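Student: Attaching a single structure in structure tokens format; questions to follow.
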Amino acid sequence: MSKDVGLVIIGTEILSGKREDRHFLRSRQQLARRGYGVAWCLIVPDIRDILLTQLRWTMAQSVPFFAFGGLGATPDDLTRACAAAAAGVALSRHAEAEALIRQQFGGEAEPVRVRMADLPAGARLIPNPVNNVPGFSIGSGYFFPGFPQMAEPMSDWVLTQYFPPLVADIEARVLLPSAREGNLVPLMESFCAAHPDIRFSSLPSFTATGPQIELGVAGQEAHVQVAIRDLKARLNLMGLEVQDL
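So this is what it looks like as structure tokens:
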């Protein structure tokens, strides 16, 4: 099981500024509580060719992904059809999803709402405790409505069912006042080569008193402890001031 999950946020209204995204931060926090991180995040418009291309890309990756939005029955809700095409399967009526929708809406299920039961062939349902219109999963992708109040309990259910809790990675950070990133690249390269099991980050910034760099080392606790000691030793040999964060 990958320790990271990709995110696909679907909606032209987010890119146009009509609505603010509410999925990225919530998902990142939700994943972190179980020891997972965000591998990447795409924000994709409701344009068939673009959505299909991006879903094909996500399905070819080695990490699972959560997709939010586009599961309704209006002409701009393209996710179900594009997910089927990306997975190379037909879009077909899912009997259990249809039964749930008819139970929820009765006579108002026809002629439009029942279309939300048209899912990629072989899809597995994700229960929706808010209005019983399910999401679905196909391959390594999990598809949720765009409404955060629905997506949150549904993605919680997916994490409980399919993503066992992991020991969360830790991060150690140091601040280098007055240091310039360009002067430290050879040190960074040799350090990263010596510690392939950690993730390294360098965040330069400028303050009123001059430049500074924040260096981060993340990964399993045992690896991080060894790596941060080595990093500090290398920096001290260069005569740099090192402050723990």
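What the sequence shown shows, in this note's numbering, is residues 5 to 249, in sequence order. Positions of the beta carbon are idealized from the N, C-alpha and C atoms, including for glycine. Just so it is clear, the structure is predicted and the values come from calculations on it, not from any experiment.
1. Could you check if F210 is buried or exposed, using at least 16 other CB atoms within 10 Å of its CB as the buried criterion?
2. Am I right that L249 and E225 are in contact with their C-beta atoms under 8 angstroms? What's the rounded C-beta distance?
3. Rounded to the nearest angstrom, what separates A197 and G139 at their Cα positions?
4. Exposed or buried, Y310, counting other C-beta atoms within 10 Å across all chains shown (16 or more means buried)?
5. To test your reading of the DSSP string, which unbroken beta strand (DSSP E) runs of 3 or more residues are found completely within the region 26-93?
6. Kindly indicate which three-state DSSP category E24 falls into: helix, strand or coil?
7. Can you tell which of A99, N132 and T57 has the C-alpha that lies nearest to the C-alpha of G1?
8. Give the secondary structure of I105 by DSSP, where H, G and I count as helix, E and B as strand, and everything else as coil.
9. Do L75 and P152 have their C-beta atoms within less than 7 angstroms of each other?
10. When the Cα atoms are used, what is the spatial distance from C45 to V9?
11. Does the Cβ of Y166 have 16 or more other Cβ atoms within 10 Å, making it buried, or fewer, making it exposed?
12. Less than 7 angstroms between the beta carbons of M120 and V137, yes or no?
13. Hey, E175 and G220: beta-carbon distance below 7 angstroms or not?
14. With a cut-off of 8 angstroms on the beta carbons, I'd call L170 and K7 a contact; round off their distance for me.
15. Cα separation between I232 and Q34?
16. Nearest CA to the CA of L123: which residue from A87, D53 and A36?
17. Exposed or buried, what is A237 when buried is set at 16 or more other beta-carbons lying within 10 Å of its beta-carbon?
18. Could you check how far apart the C-beta atoms of T83 and A64 are, in whole angstroms? I think they sit under 8 angstroms.
19. Out of D201, H199, A101 and Q216, which one is the CA nearest neighbour of L207?
20. Between E17, S31, A91 and S66, which has its C-alpha nearest I51's C-alpha?
21. How would you write the range of the beta strand (DSSP E) that A176 sits in, first residue to last?
22. Tell whether a beta-carbon distance below 7 angstroms holds between G73 and I14.
Tutor: In this structure, then:
1. In the sequence shown, residue 210 corresponds to position 206, counting from 1. Exposed.
2. Against the sequence shown, residue 249 aligns to sequence position 245. Against the sequence shown, residue 225 aligns to sequence position 221. Not quite, the Cβ-Cβ distance comes to about 17 angstroms (not below 8 angstroms), so this is no contact.
3. Mapped onto the sequence shown, residue 197 falls at position 193. Mapped onto the sequence shown, residue 139 falls at position 135. Approximately 43 angstroms between the Cα atoms of the pair.
4. No information on residue 310 is available, as it lies outside the stretch 5 to 249 that the chain covers here.
5. 41-48 and 69-72
6. Counting from 1 along the sequence shown, the entry for residue 24 is found at position 20. Note: E24 maps to coil in three-state DSSP.
7. Given a span of 5 to 249 for the chain in the structure shown, any question on residue 1 remains unanswerable.
8. If you number the sequence shown from 1, residue 105 lands on position 101. If DSSP states are grouped into helix, strand and coil, I105 belongs with the helices.
9. Counted from its first residue, the sequence shown places residue 75 at position 71. Counted from its first residue, the sequence shown places residue 152 at position 148. No.
10. As a first step, residue 45 must be located in the sequence shown, where it is residue number 41. As a first step, residue 9 must be located in the sequence shown, where it is residue number 5. If you take the alpha carbons of C45 and V9, they lie about 9 angstroms apart.
11. Taking the sequence shown and counting its residues from 1, one reaches residue 166 at position 162. Y166 should be labelled exposed.
12. Numbered from its first residue, the sequence shown carries residue 120 at position 116. Numbered from its first residue, the sequence shown carries residue 137 at position 133. Taking 7 angstroms as the Cβ cut-off, M120 and V137 qualify as a contacting pair.
13. Here residue 175 refers to the residue found at position 171 when the sequence shown is read from its first residue. Here residue 220 refers to the residue found at position 216 when the sequence shown is read from its first residue. Cβ atoms of E175 and G220: closer than 7 angstroms.
14. For this step, residue 170 is matched to residue 166 along the sequence shown. For this step, residue 7 is matched to residue 3 along the sequence shown. Yes, L170 and K7 are in contact; Cβ-Cβ is about 6 angstroms, under 8 angstroms.
15. To locate residue 232, count along the sequence shown from 1; it is residue 228. To locate residue 34, count along the sequence shown from 1; it is residue 30. One C-alpha to the other measures close to 28 angstroms.
16. For this step, residue 123 is matched to residue 119 along the sequence shown. Taking only the C-alpha atoms, the option nearest L123 is A87.
17. The residue you call residue 237 lines up with position 233 of the sequence shown. So A237 ends up on the exposed side.
18. As a first step, residue 83 must be located in the sequence shown, where it is residue number 79. As a first step, residue 64 must be located in the sequence shown, where it is residue number 60. Wrong, their Cβ atoms sit about 18 angstroms apart, outside the cutoff.
19. Numbered from its first residue, the sequence shown carries residue 207 at position 203. Closest by alpha carbon: Q216.
20. Residue 51 sits at position 47 when you count from the first residue of the sequence shown. Ranking E17, S31, A91 and S66 by Cα distance to I51 puts E17 first.
21. If you number the sequence shown from 1, residue 176 lands on position 172. Taken as a continuous stretch (DSSP letters only), the beta strand (DSSP E) holding A176 covers I174 to P181.
22. Numbered from 1 along the sequence shown, position 69 holds the residue referred to as residue 73. Numbered from 1 along the sequence shown, position 10 holds the residue referred to as residue 14. It is a contact, given that the beta carbons lie within the stated cut-off.
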